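> Once you know that position 183 of the sequence shown is 183 in the UniProt record's numbering, the rest is easy, because the numbers rise by one and skip nothing.
Supplied in structure tokens, the structure appears directly below.
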Amino acid sequence: MVSERRVWIDKQHPQVFRALTGVAAQVRAAGAATGLERRLIELVNVRVSQINGCASCLDIHQRAALKAGVSAQELAVLPAWRRTELFTAQERAALAIAEITTALPEEATMAREYAFARRALSDAQISAVIWVATTIAAFNRVSIMSSHPVRAQKEQHMTDSTPEATVVRNDDKKRYEISYGGKLAGFAEYEERGDETVFTHTEIDDAFSGKGLGKVLAKVAIEDTIALERVIRPLCPFIKAYLDKHPEYDAHVIGKGVTRE
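The following block contains the structure:
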């Protein structure tokens, strides 16, 4: 019998995937240095992923786009951005460059779109956008060829008759906080070291035990970290145990899909 399981190439050759992640970090820095906002970068990430049909990257980057200030309406109409007035001249130029970088059309189309982009982007910005489109396209291919799964997002309601559980990132205190019924119920502390988010401690108040809040907190914290394109170092036993039970996140975890000392 021949196995139908896809090879997860990021796990098969983690050193190569680590190098690609390093390239992505350099590309983000290059874009920021040219004055391109994170919102624009995420619009490019989403549009290229739409063209390539990468479900995993769309799942990650549509959430990253929302956090960067892109509206749900803008995401909904992004494939038809030319027929709207929702995007700035710079964003439209970046999307045009991103599309030809992805599709590599005939030279006449290439020249026309390049000329259009030059009206709003500098040479350095055009270069940065091309690198963003090229890098996300590489991640698209890694995820598609590996058949990375996309899990359904569960509503963060315990039952119809109980208060809602919400998770927010508190940048000042360097922790993710979960509230239940409007009261702080727990938190997951982290440190940022380079491109790593190091989870150090997770705590749920005894008054809120038995409600599954720790799992909700861990899931949101992990997926937000991934959306920010950071790698995870799980020093916290609770976060580590959660990750051990959810191998779909392995590609972003040090000691699993990411190899470092």
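We treat Cβ as the ideally placed atom computed from N, Cα and C, and that holds for glycine.
Quantities reported herein were computed from a predicted structural model and do not represent experimental measurements.
Would you call residue 113 buried or exposed, if buried means 16 or more other Cβ atoms sit within 10 Å of its Cβ?
Its Cβ being crowded by 16 or more others within 10 Å, residue 113 is buried.
> Expressed to the nearest angstrom, what Euclidean distance is found between the alpha-carbon atoms of residue 88 and residue 211?
The straight-line gap from Cα to Cα measures roughly 45 Å.
> In terms of residues, what are the limits of the beta strand (DSSP E) holding residue 13?
Per DSSP, residue 13 belongs to no beta strand (DSSP E) and is neither H nor E.
> Opposite residue 249 in the DSSP bridges: which residues?
DSSP lists no partner for residue 249.
> Could you tell me which of 61, 245, 194 and 40 sits nearest to residue 94, measuring between CA atoms?
Checking every option, the nearest Cα to that of residue 94 belongs to 40.
> Considering only the beta carbon of each residue, do residue 167 and residue 217 sit closer than 8 Å?
Yes.
> Does residue 105 come out as helix, strand or coil in the three-state DSSP assignment?
Of the three classes helix, strand and coil, the one that applies to residue 105 here is coil, per DSSP.
> Using the rule of at least 16 other Cβ atoms within 10 Å of the residue's Cβ for burial, across every protein chain shown, is residue 237 buried or exposed?
It is exposed - the Cβ of residue 237 has fewer than 16 other Cβ atoms within 10 Å.
> Answer with buried or exposed for residue 243, where buried requires no fewer than 16 other C-beta atoms within 10 angstroms of its C-beta.
Buried: at least 16 other Cβ atoms inside 10 Å.
> What residue range is occupied by the uninterrupted beta strand (DSSP E) comprising residue 143?
Not the beta strand (DSSP E): residue 143 falls in the alpha helix (DSSP H), residues 123-146.
> How about residue 31 and residue 128: are their beta carbons less than 8 Å apart?
Contact: yes.
> Give the straight-line distance between the Cα atoms of residue 48 and residue 78, rounded to the nearest whole angstrom.
About 11 Å.
> Compare the Cα-Cα distances from residue 124 to each of 33, 100, 251 and 199 and report the closest residue.
It is 33 whose Cα lies nearest to the Cα of residue 124.
> Just the C-alpha distance for residue 132 and residue 28, rounded to the nearest angstrom, thanks.
Using only the alpha carbons, I get a separation of about 7 Å.
> Where does residue 155 fall in DSSP's three states?
Per-residue confidence for residue 155 stands at a pLDDT of 42, beneath the threshold of 50, marking its modelled position as unreliable; no derived number is given.
> Which runs of the beta strand (DSSP E), 3 residues or longer, sit entirely within the UniProt domain "N-acetyltransferase" (168-254)?
Qualifying beta strand (DSSP E) stretches, in chain order: 175-180, 183-193, 196-204 and 231-234.
> What is the DSSP secondary structure of residue 165, counted as helix, strand or coil?
Strand, per DSSP.
> Based on DSSP bridge pairs, tell me the residues matched to residue 258.
According to DSSP, residue 258 bridges with 254.
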